[in-house]
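In my numbering, the protein residues as written are -4 to 204. The C-beta atom is built at its ideal place from N, Cα and C for all residues, glycine as well. Just below is one structure, and these are the notes that go with it.
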Ligand SMILES: Cc1cc2nc3c(=O)[nH]c(=O)nc-3n(C[C@H](O)[C@H](O)[C@H](O)COP(=O)(O)O)c2cc1C
């Protein structure tokens, strides 16, 4: 009788071990799917050219440069958030207007046919840091669309503030899943584009692109 119980116990143990083994090797062998697999990607950005801090007068905004790199690598559609009323070309008056808009929690009008966010799974959202926040026109865009069930990946350019609290503001506004963003000095994006590209590609690689 004892022999039978011992044999049964060994059999149960052997089956349990075999089960564990299968599960373990399945997990170990299954390659983790990249974040990009099968997902449709949109790059949306806001960027201002003309005079800016650290770069002087520029023809293409700092964030725009990163947006184009990201769209090219991820083969994404791209959309620029354009305010109906452009900002002054000079830096100081532009900062004053942006400050007023932030203080008034304004929603500046934006122009152009908005993209249908429902067609995408992942939205890279690019913007400069303005007064430690998103430019108010980015809120205008975010509030016009429905991001429920979407993943937003922020990227920003700044001149010292870093990404500030903007990932949290985006999450609050959209209720989307918001991943950790990329932050880069605008002067690096503008004046050291090889270095900027390397950083962007490394970041995209970590995200699975
Ligand atoms: C209106 C305005 C406000 C800004 N506020 C900040 C700020 O709070 N913190 C910061 O680090 N940089 C600030 N900057 C610098 C921009 O974030 C930086 O130059 C950025 O790269 C500009 O990107 P863009 O060329 O895509 O517009 C500000 C620039 C402007 C024009």
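Residue i: CB within 6 Å of a non-hydrogen atom of ligand 1
{"i": "residue 79", "result": "no"}
{"i": "residue 209", "result": "Within the shown structure, residues of the chain are numbered from -4 to 204, placing residue 209 beyond reach of any answer."}
{"i": "residue 198", "result": "no"}
{"i": "residue 123", "result": "yes"}
{"i": "residue 90", "result": "yes"}
{"i": "residue 146", "result": "no"}
{"i": "residue 154", "result": "yes"}
{"i": "residue 58", "result": "yes"}
{"i": "residue 166", "result": "no"}
{"i": "residue 102", "result": "no"}
{"i": "residue 176", "result": "no"}
{"i": "residue 42", "result": "yes"}
Nearest candidate by alpha-carbon position, reference residue i, set the options
{"i": "residue 147", "options": "156, 164, 159", "result": "164"}
{"i": "residue 109", "options": "193, 135, 170, 128", "result": "135"}
{"i": "residue 33", "options": "70, 52, 92", "result": "70"}
{"i": "residue 174", "options": "120, 126, 127, 85", "result": "120"}
{"i": "residue 49", "options": "196, 195, 193, 180", "result": "180"}
{"i": "residue 172", "options": "145, 99, 192, 60", "result": "145"}
{"i": "residue 93", "options": "193, 168, 126", "result": "126"}
{"i": "residue 35", "options": "189, 142, 195, 115", "result": "115"}
{"i": "residue 58", "options": "129, 112, 88", "result": "129"}
{"i": "residue 156", "options": "169, 68, 177, 37", "result": "177"}
CA-to-CA distance, residue j to residue i, given in whole angstroms
{"i": "residue 199", "j": "residue 131", "result": "27 Å"}
{"i": "residue 118", "j": "residue 56", "result": "20 Å"}
{"i": "residue 124", "j": "residue 102", "result": "16 Å"}
{"i": "residue 84", "j": "residue 185", "result": "17 Å"}
{"i": "residue 202", "j": "residue 89", "result": "34 Å"}
{"i": "residue 26", "j": "residue 204", "result": "Reliability fails at residue 26, whose pLDDT of 37 lies under 50, so the model's placement of it is uncertain and the value that follows must be treated cautiously. Between residue 26 and residue 204, the C-alpha separation is close to 15 Å."}
{"i": "residue 191", "j": "residue 61", "result": "8 Å"}
{"i": "residue 39", "j": "residue 166", "result": "16 Å"}
DSSP state of residue i mapped onto helix, strand, coil
{"i": "residue 18", "result": "Confidence is the limiting factor: at residue 18 the pLDDT is only 34, short of 50, which leaves the residue's position unreliable, though a coordinate-based value still follows. In the structure shown, residue 18 sits in a helix (DSSP, three-state: H, G or I)."}
{"i": "residue 88", "result": "helix"}
{"i": "residue 141", "result": "coil"}
{"i": "residue 33", "result": "coil"}
{"i": "residue 202", "result": "coil"}
{"i": "residue 48", "result": "coil"}
{"i": "residue 154", "result": "coil"}
{"i": "residue 172", "result": "strand"}
{"i": "residue 2", "result": "Because the pLDDT at residue 2 is just 47, under 50, the model does not fix this residue reliably, and the value given afterwards should be weighed accordingly. In the structure shown, residue 2 sits in a helix (DSSP, three-state: H, G or I)."}
Residue i: CB within 6 Å of a non-hydrogen atom of ligand 2
{"i": "residue 47", "result": "Ligands present in the displayed structure are limited to ligand 1, and ligand 2 is not among them."}
Start-end ranges of the beta strand (DSSP E) lying completely within the stretch 55 to 137, minimum 3 residues: As far as the stretch 55 to 137 is concerned, its whole beta strand (DSSP E) runs of at least 3 residues are 72 to 75, 117 to 123.
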